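A.B. asks: Residue numbers (this note's numbering): 8 to 370. C-beta atoms are modelled at their ideal positions from N, C-alpha and C, and glycine is treated no differently. Quick caveat, the model's predicted, so the values are computed rather than measured.
1. Based on Cα-Cα distance, which residue from 362, 368, 272, 275 lies nearest to residue 4?
2. Return helix, strand or coil for residue 194, following the three-state DSSP convention.
3. If you follow the beta strand (DSSP E) that residue 142 is in, where does it begin and where does it stop?
4. Excluding the 5 residues flanking residue 244 on each side, which residues of the same chain have their C-beta closer than 7 Å to its C-beta?
5. In chain order, what residues of the same chain lie with their CB nearer than 6 Å to the CB of residue 227, ignoring the 5 residues before and after it?
6. Between the stretch 354-368 and the stretch 307-315, are three or more C-beta pairs nearer than 8 Å?
7. At a cut of 8 Å, does the stretch 173-192 reach the stretch 254-267 through at least three beta carbon pairs?
8. Leaving aside the five residues before and after residue 206 along the sequence, list all residues of the same chain whose C-beta is less than 6 Å from its C-beta, in chain order.
9. State the CB to CB distance for the pair residue 275 and residue 117, rounded to an integer number of angstroms; the pair is presumed to be in contact (CB under 8 Å).
10. Short of 6 Å in beta carbon distance, which residues of its chain neighbour residue 59, apart from the five on each side in sequence? Order them along the chain.
11. Relative to the alpha-carbon of residue 202, which residue among 214, 193, 181 has its alpha-carbon at the smallest distance?
12. Using C-beta distances below 7 Å, list every residue in its chain close to residue 349, excluding the 5 sequence neighbours before and after it, in chain order.
13. Return the first residue and the last residue of the alpha helix (DSSP H) that residue 282 is part of.
14. What is the DSSP secondary structure of residue 54, counted as helix, strand or coil?
15. Taking the beta carbon of residue 334 as the centre, do at least 16 other beta carbons fall within 10 Å, making it buried, or is it exposed?
16. Could you check how far apart the C-beta atoms of residue 134 and residue 124 are, in whole angstroms? I think they sit under 8 Å.
17. Which residues bound the alpha helix (DSSP H) around residue 173?
18. Restricting to Cα atoms, I'd like to know which of 126, 297, 346, 271 is closest to residue 327.
19. Give every residue of the same chain whose Cβ lies closer than 7 Å to the Cβ of residue 64, excluding the five residues on either side of it in the sequence, and list them in chain order.
20. Report the residue from 140, 167, 161, 208 whose alpha carbon sits nearest the alpha carbon of residue 198.
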């Protein structure tokens, strides 16, 4: 990929060209001066008027940027604020991909090095142009690609994207000619200007727990190893420290379960869930704030939160355990458990030896 032109190199090349022209006709020959010319007058062209912009801030996502004043963006509701930008007013439909919107800005929970396109591209796209740079002092990549197979957009679609290191994730901003209606190049220029105005804040302490989550007390009835793991999980969750949570989850000998599809990247899973507004970290803290129950499984004692999960059927769940659930769930959720016949909400399991073995929901 050719390097972008550097102004200093252009200037140097021009200086050399002028020097060669000056040295090209040497000797004693005297050249008569050219006839006098009337003094030329020059008119300074007016400065290019910069388009007016307006600001959009998404504090929960940790960024703000400027976009053209005639353009429109979405408010909080179907999607988080400052997610979509378009020249005309638009309406977002729930549970749909807004492929017709000119510019899409989102926070990907996966780290920068795993998201930013490589020079070789991916199996589903061809890299047409790729440049490394910085935005707001952070590593960034600007890449234009052409899709090679059917996805959200048809094959052959040109996509210009920015990928900016956001610390615990990657800010991704894209536009494509599938949504351009003949304005792809204009939309690319708007996107580039928006990215130059981008400002990111430190999101390491931003998640559904923050410091507003309950502060669970120690439960002295728990074995020491279980208590230590429980408190370590709570502290990491309240600090929004996904990597520490993943370290605790994967430290034991048992396979840790965080979703029914399997996997070994719980931090990315929880980041994505938090970005989607599902608040798994707050749920984790609230569950561990209640009393535990035990069961024997796999040759060891498992300590379970909430206590209702230890019972086979909803009818067996005692009133005290149901009361504990009411801290977290509303009446509609409790009726759903009753209709299903058992507790199928999120639950946490730690073995007697302190091995965190699951934090999962559903059935």
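C.D. replies: This is what the structure gives:
1. Nothing about residue 4 can be read from this structure; the chain reaches only from 8 to 370.
2. On the chain shown, position 187 is the one that residue 194 refers to. Reduced to three states, the DSSP call for residue 194 is helix.
3. Locating residue 142 in the chain shown gives position 135, where the first residue counts as 1. Segment 132-142, the beta strand (DSSP E) holding residue 142.
4. Residue numbering aside, residue 244 sits at position 237 when the chain shown is read from its first letter. Cβ neighbours of residue 244 beyond the five flanking positions: 216, 252, 288, 291, 292.
5. One-based indexing of the chain shown puts residue 227 at position 220. Taking residue 227 as the centre and dropping the five residues before and after it, the same chain places no C-beta closer than 6 Å to its C-beta.
6. The stretch 354-368 vs the stretch 307-315: in contact.
7. Output reads no: the stretch 254-267 does not touch the stretch 173-192.
8. The count along the chain shown starts at 1 and reaches residue 206 at position 199. Hits under 6 Å: 71, 143.
9. Position 268 of the chain shown, counted from the first residue, corresponds to residue 275. Position 110 of the chain shown, counted from the first residue, corresponds to residue 117. Going by Cβ atoms, the distance from residue 275 to residue 117 rounds to 5 Å, so yes, they are a contact pair.
10. Taking the first residue of the chain shown as position 1, residue 59 is located at position 52. So the qualifying residues of the chain are 76.
11. Along the chain shown, one-based indexing puts residue 202 at 195. For the set 214, 193, 181, the Cα lying nearest the Cα of residue 202 is the one of 181.
12. For the purposes of this step, residue 349 is taken as residue 342 along the chain shown, with counting starting at 1. The residues are 319, 320, 321.
13. If you number the chain shown from 1, residue 282 lands on position 275. Per DSSP, the unbroken alpha helix (DSSP H) holding residue 282 starts and ends at 273-282.
14. For the purposes of this step, residue 54 is taken as the residue at position 47 of the chain shown. Here the model assigns residue 54 a pLDDT of 46, short of 50, so the residue's position is not dependable and the matter cannot be decided.
15. On the chain shown, position 327 is the one that residue 334 refers to. Residue 334 comes out exposed.
16. In the chain shown, residue 134 corresponds to position 127, counting from 1. In the chain shown, residue 124 corresponds to position 117, counting from 1. Indeed they touch by this definition, with Cβ atoms about 6 Å apart.
17. Against the chain shown, residue 173 aligns to sequence position 166. Premise fails: residue 173 is in no alpha helix (DSSP H) and is neither H nor E.
18. Locating residue 327 in the chain shown gives position 320, where the first residue counts as 1. It is 297 whose Cα lies nearest to the Cα of residue 327.
19. Along the chain shown, read from residue 1 onward, the residue named residue 64 stands at position 57. Same-chain partners within the cutoff: 71, 89.
20. For the purposes of this step, residue 198 is taken as the residue at position 191 of the chain shown. Ranking 140, 167, 161, 208 by CA distance to the CA of residue 198 puts 167 first.
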